[in-house]
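Reviewing the structure listed below.
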Amino acid sequence: MKLYNFVLSLVVISLMAACTPTTPPTPSEGDIQTAIAKTQAAKKSPTATTVSPTQTETPQPTATPTSTPFPSSGPIAGYINAFFLNLRSGPSTLFNVIGTYEERTEVLASARVAENDWIEVGVEDQNGEIQIGWMAAVYLDLEGNVNGLPVVTFPESLTVRGRIQDTEGQPVGDITIAVVYPTQDIELRTNVISNPQGEFVAYLPQDLLGTLFVQIAGRGCNSPVVDESCQLNGYIQLEDRTNISIPQQTEIVFLYEPVSLTLPGRVIDSNGIPIPGVFLAAVRDDGAKSFGFTDQNGEFRIPIGEGMWGVYSFSFDPAGESQRVYLTVANTSPEPIEISSPFGESAQIPGGTTSDNAVLSIVVGEKAVLRGIRSYNNAGVPVMGIREPRVIFYTGEEVWIYPTPITTDGGTIYYKVYDPDMNYPVPLYIRDIDIAIQS
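Remember, the numbering used here sits 402 above the position in the sequence shown when you count from 1.
Pasting the structure below:
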């Protein structure tokens, strides 16, 4: 049975009766709350309960928006498709959390931002009160086309805008951009993705003042700067980070440069054994960058241009990097090089991966030490981003949450993966990891 069918029929009929053909009215927040309340009262089964919010501060007000009128279709019913999902006071993870809701909790979508990545919804909390806020669209299953919802427009003073292109002026889409606001207590961050025109926009709370930094954080598999394995191909990054003051005064433009040369090589451990799935970075003396990762044979091939380069392997958790190999590139591709592992000595990699929220086990030797994890997206490609999943390890008596250092006397260790922030809005749908340990 479709959610809210009965109440939506009433909403549609009432809206159509009250509308003229050209200017249908916009339902107020009270109208939406009333519609949801009537629907909940008509249901036979109880609603999902609310999980305690992950943030306890008082929600900050959203900017005063303007919106287009509702079309005759009215609000759209739906439900949450993530294990847990935050309801926020505005359309980005820079806004405060109003509440956290479980999977299959019902929602009523009332508006959207122009990019369609955040949806304004009404949802009932555990006290029976209707909460109005914003949820990431990727974690919602809605029973209608969101393009039928009105668009909420935020003032330019509460937005960060930019574009990504190559040095020939061609737009670069499907690039993940991190907008970060550092504070003394916590680093607030939201991720946005450039559209096919290379444009991106992030929305800010009203009381966000000072300086934030904006940087390229990843590349999607549909971007024109990557190949079929989602590796950077035929391009290097020129400008990929900037600091701006709020409100934004200067234009943000991040650049990729087309190149025709490649740098081949492999990453080896202390025993000379090639290591798969290791991240690589190359930095030119003018700040240009190239990235890649090793294949199943421990080999890599990354795009590169003329100039002086320093090349190294690195890991996020635990953070580390190898010694750099320096080379000068002329007008031909250089000979293969060897890079040491960021882990230093060799690491054992147990076979198999674990899916999100699945529980697996590994048997380790005496005094085993967790060395690190490698994260993969749905395409099986190692994640080249800042955000990592978390791993819970436990033996029955002790529990660790990675990246807390882990040492055990051996035996069977159980572990599972979870996403630390269900409002992380794509494109890194992290599902699988490998566990690297040293026995």
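All C-beta atoms, glycine included, are put in the ideal place defined by N, C-alpha and C.
{"Check": "Those residues which DSSP pairs with Q617 across a bridge", "Outcome": "A580, R643"}
{"Check": "Supposed contact pair A604 and R591 - C-beta distance, whole angstroms, cut 8 Å", "Outcome": "R591 to A604, Cβ: 10 Å. No contact."}
{"Check": "Sequence-distant residues of its chain with Cβ nearer than 6 Å to N624 (five each side left out)", "Outcome": "D576"}
{"Check": "When T561, D642, P477 are compared against P607, the one with the closest alpha-carbon", "Outcome": "T561"}
{"Check": "Local Cβ density within 10 Å of Y728, reported as buried at 16 or more and exposed below that", "Outcome": "exposed"}
{"Check": "Whole-angstrom distance between V616 and E653, CA atom to CA atom", "Outcome": "12 Å"}
{"Check": "Three-way DSSP call (helix, strand, coil) for N549 in this model", "Outcome": "helix"}
{"Check": "Nearest-angstrom Cβ-Cβ length linking G709 and I670, presumed shorter than 8 Å", "Outcome": "Contact doesn't hold; Cβ gap of about 26 Å is too wide."}
{"Check": "Close Cβ partners of L544 (< 6 Å) along its chain, the five nearest in sequence each way excluded", "Outcome": "I478, G480, A511"}
{"Check": "Straight-line gap, S672 to S743 (C-alpha atoms, nearest Å)", "Outcome": "8 Å"}
{"Check": "Proximity of Y714 and A690 at Cβ, strictly below 9 Å", "Outcome": "no"}
{"Check": "Neighbourhood of P493 by C-beta distance below 7 Å, restricted to the same chain and skipping five residues each side", "Outcome": "V515, W520, W536, Y605"}
{"Check": "Classification of A732 by the beta-carbon crowding that lies within 10 angstroms, buried from 16 upward", "Outcome": "exposed"}
{"Check": "Between the CA atoms of L640 and T730 - distance to the nearest angstrom", "Outcome": "18 Å"}
{"Check": "Complete runs of the beta strand (DSSP E) confined to the stretch 478–514 [at least 3 residues]", "Outcome": "478–482, 486–490, 499–504, 508–514"}
{"Check": "Helix, strand or coil at T734 [DSSP, three-state]", "Outcome": "coil"}
{"Check": "For L590, the three-state DSSP class (helix, strand or coil)", "Outcome": "strand"}
{"Check": "Reference G674; option with closest CA among F602, N635, A619, E740", "Outcome": "E740"}
{"Check": "Y658, enclosing beta strand (DSSP E) - first and last residue", "Outcome": "654–660"}
{"Check": "Residues that DSSP places opposite L663 in a beta bridge", "Outcome": "I706"}
{"Check": "Buried/exposed call for Q633, threshold 16 Cβ in 10 Å", "Outcome": "buried"}
{"Check": "Among G524, P738, V509, N488, the one whose alpha carbon lies nearest that of T664", "Outcome": "P738"}
{"Check": "Start and end residues, beta strand (DSSP E) containing I739", "Outcome": "739–742"}
{"Check": "Cβ-Cβ distance between G564 and E601 below 9 Å", "Outcome": "yes"}
{"Check": "P552 burial status per 10 Å Cβ neighbour count (16 or more: buried)", "Outcome": "buried"}
{"Check": "Classification of Y804 by the beta-carbon crowding that lies within 10 angstroms, buried from 16 upward", "Outcome": "Residue placement at Y804 is poorly supported in this model, since its pLDDT is 47, which falls under 50; the coordinates still yield a value, given next. When all chains shown are included, Y804 counts as buried."}
{"Check": "Through-space distance from Y583 to E589, alpha-carbon basis", "Outcome": "6 Å"}
{"Check": "L496 versus N593, G550, G476, V680, residue with shortest Cα-Cα distance", "Outcome": "N593"}
{"Check": "Reduced DSSP secondary structure (H/G/I, E/B, other) of P557", "Outcome": "coil"}
{"Check": "For I648, the nearest candidate out of G550, P598, G679, S559 (CA to CA)", "Outcome": "S559"}
{"Check": "A684 in three-state terms, based on DSSP", "Outcome": "strand"}
{"Check": "The beta strand (DSSP E) enclosing A604, as first and last residue numbers", "Outcome": "601–605"}
{"Check": "Cβ shell of P666 (< 6 Å), same chain only, five flanking positions each side left out", "Outcome": "R703, P738"}
{"Check": "P705 burial status per 10 Å Cβ neighbour count (16 or more: buried)", "Outcome": "buried"}
{"Check": "8 Å contact criterion, which P626 and V574 should meet: CB distance rounded", "Outcome": "6 Å"}
{"Check": "Buried or exposed (CB count within 10 angstroms, at least 16 for buried), R621", "Outcome": "buried"}
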